[in-house]
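Plus 639 on top of the position in the sequence shown (first one is 1) and you've got the numbering used here.
Ideal Cβ placement from N, Cα and C applies to all residues, glycine included.
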Amino acid sequence: MKKNEGKRDAIVERLADHLLTHGLKEASLRKMAVSAGISDRMLLHYFVDKDEMIATALALVERRLTALLDSARTESMPFQALLPFLAAMLNDASVRPYTRLALELAAAAAGGDEFFRTTARHIFTNFYEWIASVLKVEEEDQRAQLAALAFAIIEGCVLLDAVDSGLIVSRAMQGVALSNLNYYPEG
């Protein structure tokens with residue numbers, strides 16, 4: 640590894656920490672540079688522009704969340720076990736900064752910012768693919784649909800949790816336990 644690559648990696652670590660602590664609303668070039676421990680001019684030495692800097696930091700945030708989720712699970716899970724597992728992770732203090740940042744990213748994308756829309760689509764697609772990879776299915780042709788359903792439910796739970804509607808999340812997980820979502824008949 641080149642000296643500059645190691646320095647850049649350390650900077651990206653600090654930038655990711657900044658985003659998890661302060662969110663996108665505090666992601667000005669100057670504030671990010673202070674968190675990285677360098678000047679804003681020097682920060683741009685390591686990145687083409689602010690968009691590349693934020694995208695690189697968000698990619699590290701995404702990898703960290705995946706590692707956190709992987710470390711909490713020991714095996715593939717059927718749909719009805721995976722959803723409560725993910726919903727319980729929402730209550731984990733170490734996961735909350737990630738969900739808050741994901742909501743902020745989604746809001747920026749919904750506001751029409753093409754950079755954030757593209758970045759959010761990439762990150763959310765990777766999370767969907769993670770769900771699909773850990774989902775235990777009886778028939779392989781069910782994987783994509785159940786992963787999409789799990790993803791949509793969990794993202795809804797993240798939104799509800801953010802507005803302090805934990806009771807609705809709890810009831811949704813009770814509904815999952817009552818349902819038979821492991822099988823979808825044709826038609």
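Any heavy atom of the ligand HEM closer than 8 angstroms to the beta-carbon of residue i?
| i | result |
| --- | --- |
| residue 717 | Judged by which ligands are present, the structure shown has none, so any question about the ligand HEM falls away. |
Go to residue i, then tell me how far its alpha helix (DSSP H) extends in each direction, as first and last residue.
| i | result |
| --- | --- |
| residue 693 | 689-711 |
| residue 813 | 805-817 |
| residue 674 | 668-675 |
Taking DSSP's pairing of strands, which residues face residue i in a bridge?
| i | result |
| --- | --- |
| residue 775 | 717 |
Taking the straight line between their C-alpha atoms, what separation do you get for residue i and residue j?
| i | j | result |
| --- | --- | --- |
| residue 742 | residue 763 | 11 angstroms |
| residue 693 | residue 671 | 9 angstroms |
| residue 686 | residue 777 | 46 angstroms |
| residue 674 | residue 699 | 16 angstroms |
| residue 724 | residue 669 | 39 angstroms |
| residue 714 | residue 679 | 44 angstroms |
| residue 815 | residue 720 | 9 angstroms |
| residue 779 | residue 771 | 10 angstroms |
| residue 798 | residue 689 | 27 angstroms |
| residue 768 | residue 786 | 8 angstroms |
| residue 784 | residue 801 | 26 angstroms |
| residue 677 | residue 656 | 15 angstroms |
| residue 666 | residue 709 | 28 angstroms |
| residue 752 | residue 663 | 13 angstroms |
| residue 781 | residue 760 | 23 angstroms |
| residue 813 | residue 807 | 10 angstroms |
| residue 707 | residue 659 | 14 angstroms |
| residue 828 | residue 745 | As displayed, the chain neither begins before 640 nor continues past 826, which places residue 828 out of reach and without an answer. |
For residue i, count neighbouring Cβ atoms within 10 angstroms of its own Cβ and tell me buried if that reaches 16, exposed if not.
| i | result |
| --- | --- |
| residue 681 | exposed |
| residue 684 | exposed |
| residue 811 | buried |
| residue 803 | exposed |
| residue 817 | exposed |
Could you give the DSSP three-state label for residue i: helix, strand or coil?
| i | result |
| --- | --- |
| residue 732 | coil |
| residue 752 | coil |
| residue 649 | helix |
| residue 795 | helix |
| residue 686 | coil |
Using a Cβ cut-off of 9 angstroms (strictly closer), state whether residue i contacts chain B.
| i | result |
| --- | --- |
| residue 664 | Looking for chain B here will not work: only one protein chain is present. |
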